[in-house]
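Written below as structure tokens is the structure these notes are about.
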Amino acid sequence: MNKHLIRRTALVAAAGTASFVLAACGSNDDAPTGHGSSASATASAAWSQGEHNAADVAFAKGMIPHHRQAVEMADLAPNRAQSAEIKTLAGNIKKAQDPEIRTMSGWLTSWGEQVPAEGVMDHSMHGMDGMMTAEDMDSLKKTSGKAFDTAFLRMMIKHHEGAVGTAKTEKADGSFPDAKKMADAVITSQSAEITRMNSLLGTS
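So in full-length UniProt numbering, spot 160 of the sequence shown is number 160, and the numbers just go up one at a time.
Put into structure tokens, the structure is as follows:
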């Protein structure tokens with residue numbers, strides 16, 4: 001009888017020890033998992049916010065319609081320009097700025113900001129320097145040949161100068177790394193195109 005009692009006591013003790021060990025293991029497993037999930041969620045939130053500031057938002061919201069207008073102007077060149085160089089230039093402008101529009105739209109969406117609607121041009125917005133008026137665009141659409149070439153160059157130089165100014169503001173005031181990198185690329189590429197366009201216009 002005593003042997004049975006001793007055996008039962010040993011079994012209960014062993015079971016209790018096993019339960020404690022399993023609980024401890026479970027607790028240890030849960031802790032890092034919970035911590036990892038929290039860290040992952042925090043990292044995800046930080047990524048989606050993008051560590052941006054108001055200057056980055058203003059840059060994207062201003063540059064999207066600015067780029068759209070440049071693309072609209074560039075689209076006129078194949079059928080209206082006389083100079084092959086201007087047609088090539090217009091093609092390069094569209095090739096560079098179309099993807100940037102998509103990228104900046106993605107930033108705004110990830111930041112919970114509204115992407116400027118197509119055709120909306122609020123000239124009071126930051127970053128709109130160099131925008132053509134509706135009258136300017138209508139005038140450009142009515143020209144062709146050498147007259148188009150001259151008007152296109154003059155308008156696009158002004159347009160590019162506005163973009164470069166906006167990009168310099170972003171470099172100085174922005175905090176989102178990709179936006180600052182794009183701003184730097186805009187300054188480099190569009191400054192070079194301004195020099196080229198001035199040369200074509202015969203003013204340099």
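We put the beta carbon where it would ideally sit given N, CA and C, even for glycine.
Remember, predicted model here, so these are calculated numbers, not experimental data.
- Here glutamate 118 has Arg68 as same chain residues with Cβ atoms under 8 Å from its own Cβ, once five neighbours each way along the sequence are excluded.
- Beyond the five residues adjoining it in sequence on each side, glycine 145 comes within less than 7 Å, by CB distance, of Gln82 in the same chain, given in chain order.
- Between the alpha carbons of aspartate 173 and glutamine 190 lies a distance of about 20 Å.
- For glutamate 85, the enclosing alpha helix (DSSP H) starts and ends at 84-110.
- Its Cα nearest to that of alanine 90, the residue Pro78 stands out among Pro78, Asp178, Val186.
- Contact check for leucine 76 against leucine 153 fails: the beta carbons are separated by 8 Å or more.
- Using a Cβ distance threshold of 8 Å, serine 199 and aspartate 56 do not count as a contacting pair.
- In summary, lysine 94 is buried, with 16 or more beta-carbon neighbours lying within 10 Å of its beta-carbon over all protein chains present.
- DSSP, read as helix, strand or coil, puts alanine 134 in helix.
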